[in-house]
Each structure stands twice: as C-alpha cells, then as structure tokens.
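Chains as they are written, first to last, in the UniProt record's numbering: chain Z, 1 to 458; chain G, 1 to 458.
First up is the structure itself, then whatever we jot down about it.
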C-alpha cells in the first residue's frame, strides 16, 4: 500500500545502541511512500531549510510544538491477547486459581468468534493508544479467532506477530480448553500460518504468524516435534514460555533430564526467530546456548513479581549481548504500557542488585553488578525488541520502518514536568521514560501510517 | 469557611478496615456545610428516594454517570516538596551524587521565595490532579519558603502537614545548605509552627506544622533535644527518616549505641504524632517500640528500590497492627501517584515473599508469609495514612471529613477496561487500583470543597 510521503520536524529521542541515548534536536525526518525513513537531516546539514520549506509548501510538513517529542514505537515481546478483559483482575489469587478459575475459562471463550472480534478490537486500540507499534501475541488454541486478531491488527495498522497457541497434553491441560490431539494442533497451526501469509503477503508483511507451543509442560513430544518441522518448513518465528518459575523449570528437568532451553533446542525450536518468555531460571549454560542460537528473551518484570518466584538476571543477559526485549505479559502483568515495562525492569534490576531481605547482611543480600539504567530500559522496549524479532525498526535510521510515537509532555494530564533552563534534553528523556502515561501519547505511526491521530500538520 | 451542602449519588469503593473492601452501590452521600459526611444512605434505606429528589430539586445533587466511581482521597505520608522539579530525573546516579550534585543544590534554591512559590504552586496542582488530598511534606530549611507552601496548600484547598527541615550538623550537611546552628534551627522551627497555626487556626485546620529533623545523621544532639521540647510544648506532629539504608542504620548505631527508633525515642521524638519514613531496617524490638508509642511509618516502596538496600517488612508491620501508610518520596521516588504507590507496595511485597535471586533454592530465596493484596494496598493509601496521622478522613463514614475523588473509568485515555457481565464490582475495584492514572481522576474534594473540577451537577 502506497502512502503519502511526509516530513517531520521534531526533536527525537532514541537508543539505537544499548544504553546510548541519542538526542536528535530539531531534525527533519523524511518518510517515503513505503513508510520507511528516507532521510534524516540535522539543522547543520546542507539543504535542511530548503527541505523544510518545500515540505511546508507541499503541505506535507508535520512540525512538533514545544514540549512534544518523537520516540520510536514500543515493542511488546510477550502478551496474551485473549487475557485483555482480565487485565488488572484476579491478581490476588494463587497461580493455580488464576489459571484454572480465571485464565483458561476466559481463553476458552474465544471459540466464539464474535466475542473474539469485540475483545481483540478493544485490545489493539488500547495497545496502540499506549504506543505499542509492534506486538508479539499469544492468541488462543482457536484458529478462526487467532486469524481475526491478525485481520484486526492489519486493519488498524499495528505491526503484529501472532501465534495460535498449541497445548495438547491431556494431563496438564483442562478438558474444556486444549487441542484435540497433536495431529490436529499441527494441522491447525499450518492452516493458520498459511492463512496469515495469504492475508499479509509480500516481503515486508505487517502481520506474521508465529509457531506457539504454550510451554513444554502443556505439549506432548509429538506436538513439539511437529511444530519444529513447521518452523523449519515455513521459516517462521517461534514463541514459548521458558523456565518461568521453580515449578516450570523442575517439570521440564524431570521430563527430559535437561533444562527448558536445552530441551527446546533438542526439538529444533530454539532458532534466531525464537522468543522465549521470562527465562528467569536459565543458568550460564542456557544463556550460552540461547545466545549461540541467536534466540531472544521477552523479559516481563511485572508479571514475574507476581508469578515467577525470582527476577530475570537482566544485567547478566545484557552484558553477554543477548537479544532481550520487554513484554507486558498481560494479564499476568496488569499494565498495557511498555513505559511501565521499562520502569518495572529498572526497579527490578535495582532490587536484584541490592536484594530485598533487610535481615541479611549486605554482602549476602544482594547480587554484585550494576543495575540497568533508563537508557537501557528504553532500548529494551524499542531497538532491543526489534533486534530480538529481527525487524527493521526500533530506532531512527535511514532505511528503517517509520514506527514512532509523538509524545506530548504538555497535555492536561501529564506527570512530566519540565523546567526550562533546569532540565537538559537528557533529563527530559529520563522524565519521559519514568513518567509517561497513555495520556502523553498524542500520535502513533506504523510503517509511516498514522494509526492514532492527534495533532494535524500545520 | 462555610460551604454549600450537597448530595452525591455514587457507587463508592473504600477500605475502612485494613484489607476489607466495602462496595457502596448507588449510595447517597450528604455533605454538610462544614465539609463533613453528614449521612450515607443505601437504596434500601428509608428516605433514599425522597432525599435524592429533594437534592435534585435544590440543584445540590451530584450524580455520577456509569463508569464513574467515588473513592476516598489519597494520603501521601512522605514527600519532599522542593524536589518536585527533580521528579523523574537523576535516578541513574549513585546516592552520593544524587544528594550532593542534585538534591542539596536544588533544595538550597528555595532561599529564593519567588522560585519557591512558582514550584510549590505547580507541585500542589500536580498532586491534587493525581488525587492526593492530604500530604505530609518535608519542605526545606527556609522558613519563608516553607510558609509559602502552607499558604499555597490552603489557597488550593489541599490538606497538608508541612515541616521546615532541620539539618544543622556541619560534618554531615553541606556548607551551602544547612541551618546556621541548633539555636537558629529551633527558633525558626518555633516561628514556623506559630506562623502556620496563625494561618490556619481553629480545631480542624486544613494545614498544620510538623517538626522535621531531616534524619539523625544531619542533626546535632542539641537540635534533636530542642525539637523534642517544641514537639511537647506545641503538641505537634513530628517526621523524620528512620533506618532507611545500611548506611543510615549503622551511622545511628555507631553514634548512639542503639537503633534509630530507640534513639529517637530517647530524645522524646517518637510519639503518637510521629511519622517515620522508610524504616526498612527496623528489627522486632524497634517494631514493638514504634507500635507501643503509636507512631506511624511511611512506606515508600518505589524510592526504596532505588536507594534503600532492602524492602520494608510490610506484612510483618501490618500483622502487628502498626500504623502504616504510603509515601511517594518524591524525588527519590519518581511517581506523584499514590495509585503507583499501591502498585509498588504490591509488587515489592511479592518480591519480598518469593525473593529475587534465582540461583538460590526457593526455601533460602524468599521470606515466608503472604504478600499484601490490593485492598490492603489501597487501605495504606487512604484509611491507613489517616490513622497514622490521626486525621478524621480516609474512608466514608458519618462524621468524617469528605476528602474524595471521582474516578472516571471511561475517559479517553483510560487503561481501565470494564466488561459488563464479566467484571464484578470487586473486579472493577482491583482494575482501578492496578491501572488508574492521573487521567482517570475527574474531580477531587477536600473537606467537602471541590478543589479539582470535572463534571458539573446535573
């Protein structure tokens, strides 16, 4: 789909390299008819004024006002789409109750396609309004409802990677909500892959299918093998949960005599296109294996506080240059905002460093090593997520997809208070990362298309 | 000041007892000319319809729409008013840099009364907009600027307890920012107390003075003694930091051969009207002492993640029925929202329970005992804070001050998604606690006065 080229005059913040903030003050961003960044000019570059004047004359100039900033779109590496109605609910009950009484019955309702369409439309609107330009979704076991999610993302313009969930083990999965058997699960996954690829063909599809075994405990060996064949045949992304909790870690070790990561690798499910949610209990050997395969990790600090029994060793993963991004993990996590994700990644890394138990002496309480900072957190939510998914987006560079958001610090409901002459641009960025909410997001673009409207070109 | 009585027709949520949610569906709340709750009627009570009709006829009925709810106002038990411009900034530097390069130079600027007035007006507006109806403020060492904060709170209608900070120890405090000496600090504190009481006289003053030694390490013995005499003579609230970090705990033990709490008690500074910020490193004996004195604790989970070296043992404190509330601790904490405070109290309690270090076996990693739930968190932010301050507010009961907020779940920027027929009122309350932001707060009342306007009476 051809779009109308346009030029943005904006001060942008981005973190193209891990932990490094670049402030692009009053730059011109030219977006081409394919929705890619054709050019970026700084005020010191030749032709800056001419280009700006020309765009203004053509009425294709979007000029940001004081207090407005351009940021890369946010990337959610782990979210359960069907759990959207449950967001912020039932987090006061034990995991077993959460799963059996709330989550599985809710996911089972997506057999009803009308219900699915209603919720998924609300979901995608809600995420876009929070600045999520790319989402890696777990859907449900239902092919038609999962395809409806793909259609909705496409229609609303959100970049999405979507998996029909596979869970076929009758011992671990409830009767009312599981695949009939491994053969059916594999066949329906293949149909889903083909249907999504038919929906969004071409070399740069906005929506892609993902092979999605829920996690090893919910799948038979036969299902895991069959999905691995599909992954190879279709060169597809793969997503699953990995070593989230003590229980999950121990279950896989008992079943296969090796770790979750090693077991997935044994099935051929650990590839450059694999995203492992959580991975809190991976050890050094697992880290080496995951890094060697080029697989990515979706760090979900908020849901981990509730259900994971421990924090993900984020600093260690970053220091190894592993592929890591952030997931909201709705509804194990209650917040749809990846700004919240950044903030929880930050506070969790602090608590991991210092420890939490005051009765222990400091040297036994904490884990040595620096916590992450806000630039690293924002990298995780943008360029890090894009790297993990191998997508050409996540920062502002010539040739990348223009996935971005306009953040307005001066809206009525803003908690970002900037004091001129006191705050540097670097301070402004930190204030945005730490206090931006839904209400600060005035506009969102994906692949150059404006999918949430705020201000008009001037 | 007499106000116009009015009647609210609303579904209200409150937690008058710790951990117990009461849903008052479609109740009528009559607010008298003193700003107190004169009466609460349920639809089953005699006279409900007549009262509603009469209020409508008098045009004093405020009727909430679908999706709007009434909640008690939020109480911030620990906030550094002068650090408002620094909110969300400089949290990537070590504590020593944060203090010496950022915080003390910023606080020193409040010698400039114009600067103070500008920032404090922005601060009080920002907190009211976040639903904070009562705040216990640390100001600075400057009497005039601290008094300006009192005037601004009074003018804007926020309930406030304000302390001119005392820090007179030349070894611990920077030359550019400390009291001249103990005598001056005590004299200026006394003048401040009298000035605030002259500003807000009467039995139910909206604004009150608070005796505020910054913390033991920054005060000489002479200052601590003098402040304790003032506390007794004026029957004043007291606030200070207590056992926040390893360093602070050890410093006091080295200086006095006993804990922070015991030392404060020795000086006569631990009373029913004392609020201790943080208190992460208090032991059983300290807890018993604090509970016996009836002093309160301001739990600040967010800033603790950054600067405290450990988490406050909240469950243990609640199980002893200690007086505990929540503080934002701006700008050690970056969020002005006590809803965020609730959320950080929740996730911290989870992480304290399960532990954070995945390499430890589960039995060594965590601390046994239940985490807190969202009803307890909301109690901390409302009735718990009121109890700690000994103020007649924090829930909806006849005779209490009407400090409340109108929470609108259906505003454009809401992350609270309610599904009719799927969410119970209890679910709605949990969704509010976990996802309410600034943008959801449509109206705020303190002592019956509407201090943030949204909808009009219909």
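Beta carbons are placed, not taken as given, at the ideal position from N, Cα and C, and that holds for glycine.
Because the structure is a prediction, the values reported are computed rather than measured.
- For residue 317 (chain Z), the nearest beta carbon of chain G is not closer than 8 Å to its own beta carbon.
- Interface residue (Cβ-Cβ distance to chain Z less than 8 Å): residue 239 (chain G) is not classified as such.
- Minimum Cα-Cα distance from residue 255 (chain G) among the listed residues G:217, G:280 and G:239 corresponds to G:217.
- According to the DSSP assignment, residue 234 (chain G) belongs to the alpha helix (DSSP H) that extends over 221-234.
- Scanning chain G for C-beta atoms nearer than 8 Å to the C-beta of residue 281 (chain Z) yields 358, reported in chain order.
- DSSP assignment within the segment 143-202 of chain G yields the following whole alpha helix (DSSP H) runs of 4 residues or more, N-terminal first: 143-156 and 182-199.
- Chain G places no beta carbon closer than 8 Å to that of residue 20 (chain Z), leaving this residue out of the contacts.
- The beta carbon of residue 431 (chain G) falls within 8 Å of a beta carbon belonging to chain Z, placing the residue at that interface.
- With contacts defined by Cβ atoms closer than 8 Å, residue 163 (chain G) and residue 68 (chain G) do not form a contacting pair.
- Within the same chain, Cβ atoms closer than 6 Å to the Cβ of residue 8 (chain G) are found at 29 and 62, the five residues on either side in sequence being excluded.
- In chain order, 309 and 310 make up the part of chain Z whose C-beta sits under 7 Å from the C-beta of residue 354 (chain G).
- Within the segment 325-386 of chain G, the complete alpha helix (DSSP H) segments at least 4 residues long are 338-354, 362-365 and 374-379, listed from N- to C-terminus.
- Distance from the Cα of residue 266 (chain Z) is smallest, within the candidate group Z:279, Z:52, Z:161 and Z:252, for Z:252.
- Taking a cut-off of 8 Å on C-beta distances, the segment 280-288 of chain Z does not touch the segment 87-97 of chain Z, as fewer than three cross pairs fall below it.
- Contact between residue 213 (chain Z) and residue 223 (chain Z) holds: CB atoms are separated by about 7 Å, below the 8 Å threshold.
- DSSP places residue 56 (chain Z) in no beta strand (DSSP E) but in the uninterrupted alpha helix (DSSP H) bounded by 48-57.
- For residue 21 (chain G), the uninterrupted beta strand (DSSP E) run begins and ends at 20-31, by DSSP.
- Any Cβ of chain G closer than 8 Å to the Cβ of residue 365 (chain Z) would place that residue at the interface, and such an atom is present.
- Taking all protein chains in view, the Cβ of residue 54 (chain Z) is surrounded by fewer than 16 other Cβ atoms within 10 Å, so the residue is classified as exposed.
- The segment 115-126 of chain G and the segment 196-206 of chain G do not touch, with fewer than 3 CB-CB distances between them shorter than 8 Å.
- No residue range can be given for residue 390 (chain Z), since it is assigned to no beta strand (DSSP E) and is classified by DSSP as neither H nor E.
- Taking the Cα of residue 96 (chain Z) as reference, the smallest distance to any Cα among Z:174, Z:249 and Z:220 is reached at Z:174.
- When the alpha-carbon of residue 385 (chain Z) is set against those of Z:318, Z:442 and Z:108, the nearest one is in Z:318.
- When Cβ-Cβ separations below 8 Å define contact, residue 305 (chain G) makes contact with chain Z.
- For residue 159 (chain G), no Cβ of chain Z is located within less than 8 Å of the residue's own Cβ.
- Nearest neighbour of residue 339 (chain Z) by Cα position, chosen from Z:437, Z:283 and Z:250, turns out to be Z:437.
- Listed by position along chain Z, the residues whose Cβ is nearer than 8 Å to that of residue 438 (chain G) are 413, 414, 415, 437 and 439.
- DSSP places residue 433 (chain G) in the uninterrupted alpha helix (DSSP H) bounded by 425-435.
- Burial state of residue 137 (chain G) is buried, judged by a 10 Å Cβ sphere holding 16 or more other Cβ atoms.
- Residue pairing by DSSP puts residue 13 (chain Z) in a beta bridge opposite Z:23.
- Using a Cβ-Cβ cut-off of 8 Å, residue 350 (chain G) counts as an interface residue toward chain Z, since at least one Cβ of chain Z sits closer than that to its own.
- The three-state secondary structure of residue 262 (chain Z), taken from DSSP, is helix.
- Counting the other CB atoms within 10 Å of its CB gives residue 360 (chain Z) a total below 16, which places it among the exposed residues.
- For residue 247 (chain Z), the uninterrupted alpha helix (DSSP H) segment begins and ends at 246-256.
- For residue 168 (chain G), the CB contacts under 7 Å within the same chain, skipping 5 residues up- and downstream, are 178, 179, 181, 182, 185, 219, 220 and 223 in chain order.
- Put simply, the CB of residue 114 (chain G) is far from chain Z, with every gap to its CB atoms at 8 Å or more.
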